[in-house]
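First comes the structure, then the notes that go with it.
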Amino acid sequence: MSNRAVVVDPGAPGRLVIRPVPEPVPDRGEAIVRVRALSLNRGEVRRSGLAAAGWRPGWDLAGTVERAAADGSGPRQDARVVGLLPEGAWAERVAVPTHALAELPDKVTFSQAATFPVAGLTALYALAKRGQILARRVLVTGATGGVGDFAVQLARLGGAHVTASVRRAEQAASVRQLGAHEVVVGDEIPASPKYDLVIESVGGRTLGTALAALERGGMCVTLGVSAAAEVTFDTRTFFVSGRTTLYGFYLFVELGNDPAGHGLRRLGELVAAGQISPHISLERPWTEIGQVARDLVDRRFPGKAVLTLE
Numbered sequence: 006m007s008n009r010a011v012v013v014d015p016g017a018p019g020r021l022v023i024r025p026v027p028e029p030v031p032d033r034g035e036a037i038v039r040v041r042a043l044s045l046n047r048g049e050v051r052r053s054g055l056a057a058a059g060w061r062p063g064w065d066l067a068g069t070v071e072r073a074a075a076d077g078s079g080p081r082q083d084a085r086v087v088g089l090l091p092e093g094a095w096a097e098r099v100a101v102p103t104h105a106l107a108e109l110p111d112k113v114t115f116s117q118a119a120t121f122p123v124a125g126l127t128a129l130y131a132l133a134k135r136g137q138i139l140a141r142r143v144l145v146t147g148a149t150g151g152v153g154d155f156a157v158q159l160a161r162l163g164g165a166h167v168t169a170s171v172r173r174a175e176q177a178a179s180v181r182q183l184g185a186h187e188v189v190v191g192d193e194i195p196a197s198p199k200y201d202l203v204i205e206s207v208g209g210r211t212l213g214t215a216l217a218a219l220e221r222g223g224m225c226v227t228l229g230v231s232a233a234a235e236v237t238f239d240t241r242t243f244f245v246s247g248r249t250t251l252y253g254f255y256l257f258v259e260l261g262n263d264p265a266g267h268g269l270r271r272l273g274e275l276v277a278a279g280q281i282s283p284h285i286s287l288e289r290p291w292t293e294i295g296q297v298a299r300d301l302v303d304r305r306f307p308g309k310a311v312l313t314l315e
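Start counting the sequence shown at 6; every next residue gets the next number (our numbering).
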């Protein structure tokens with residue numbers, strides 16, 4: 006039985022091609038999943054631009070269990086699942102630890118599920134860092150991105166007063182449709198009103214000004230640097246507010262405390278119930294991986310890109 010995967014080829018357009026790879030060999034706590042859909046994130050695509058030939062990228066996957074785990078854990082054979090890997094998810098068949106898998110409700114498609122792992126889990130777990138968000142003021146920067154899309158919806162669902170930050174005025178309508186009560190346009194966050202929680206994925210000037218907009222005891226969860234990695238801010242406006250926190254969030258560290266399967270199951274339930282809806286801007290066959298990866302990095306579409314496998 007043959008197996009193919011997306012691998013780095015420095016000489017190919019977008020540096021990504023589909024090549025034959027060895028069959029996955031699972032540990033006792035891993036299931037073999039036949040992948041039906043995958044989604045792209047800027048992090049793995051950017052790493053592909055620097056990685057050595059032969060490296061296999063990919064975090065997000067959805068498909069069916071071809072062989073259940075030998076230790077009896079996790080989903081049964083033929084179950085429809087969503088899963089997360091630290092690398093190598095973009096393949097026809099992969100071995101996935103059962104703690105990083107969740108069964109899908111019938112109403113959730115493979116394409117929808119493929120958006121859950123990195124973007125959905127990041128939003129879900131980042132919002133939980135401040136504790137109860139009911140009636141709290143929450144700011145989501147980069148609100149048109151994959152994480153921002155989920156964060157706005159989940160914060161609204163959790164009873165927060167949600168403000169979305171976007172780069173351009175024409176993006177305001179789309180984030181209001183997601184559930185944002187208010188919209189801030191531009192790279193800077195006004196110092197008023199104050200926020201109990203900021204989910205920050207832009208970096209640069211946006212992060213610097215967001216810190217000054219924290220309420221006393223508030224928290225800023227920084228999880229991306231789509232604009233700039235270096236940040237300058239006025240420390241006086243940060244420390245005089247008292248007990249404010251800047252929390253550095255990296256999903257694969259967080260998963261050491263809360264296995265991916267738990268959050269993936271919760272996201273599937275919310276989508277099946279119609280309480281949140283993934284925003285898929287682009288859906289293409291996985292044979293177009295090189296072009297779609299370039300378009301993602303060049304910001305030619307908002308939301309998520311999903312690739313499907315026959």
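We treat Cβ as the ideally placed atom computed from N, Cα and C, and that holds for glycine. In this text, all values refer to a predicted model and were calculated from it rather than measured experimentally.
Three-state secondary structure assigned by DSSP to VAL180: In this structure, VAL180 counts as helix in the three-state DSSP scheme.
8 Å contact criterion, which LEU132 and ILE204 should meet: CB distance rounded: 7 Å
Three-state secondary structure (DSSP) of GLY163: coil
Minimum Cβ-Cβ distance from LEU212 to chain B less than 9 Å: Reference to chain B is not applicable here, since this structure consists of a single protein chain.
Buried or exposed by the 16-neighbour rule on C-beta atoms within 10 Å, applied to GLN158: Buried is the label assigned to GLN158, since at least 16 other Cβ atoms lie within 10 Å of its Cβ.
The stretch 20-35 touching the stretch 71-80, judged by at least three CB pairs closer than 8 Å: yes
Cβ pair GLY268, LEU129 closer than 9 Å: yes
Exposure label - GLN296; buried when at least 16 CB within 10 Å: exposed
Segment contact, 8 Å Cβ cut-off, at least three pairs: the stretch 143-155 with the stretch 247-257: no
Residue of HIS104, PRO195 and ALA148 minimising C-alpha distance to SER179: ALA148
Backbone CA spacing between THR377 and ASN46 [nearest angstrom]: Residue coverage of the chain in this structure runs from 6 to 315, which leaves residue 377 outside it and unanswerable.
Per-residue DSSP class, three states only, for VAL22: strand
Cβ distance (whole Å) where LEU43 is taken to contact ASP65 below 8 Å: 6 Å
Through-space distance from LYS112 to GLN280, alpha-carbon basis: 13 Å
VAL302 and GLU288 closer than 9 Å at C-beta: no
Residue nearest to ILE285 in terms of C-alpha spacing, selected from GLY308, ALA298 and LEU275: Per the Cα distances, GLY308.
Assumed close pair ALA100, PRO29 - CB separation to whole angstroms, cut-off 8 Å: Between ALA100 and PRO29 a beta carbon distance of about 4 Å is seen, short of the 8 Å cut, so the two are scored as contacting.
Range covered by the alpha helix (DSSP H) that runs through LEU129: 126-132
Coil, strand or helix - THR214 by DSSP: Looking at THR214 - three-state DSSP - the assignment turns out to be helix.
When VAL26, LEU183, GLY68 and PRO18 are compared against SER282, the one with the closest alpha-carbon: LEU183
Beta carbon of VAL50 nearer than 9 Å to that of ALA298: Yes, these two residues count as a Cβ contact at 9 Å.
Simplified DSSP assignment, three categories, for GLU259: helix
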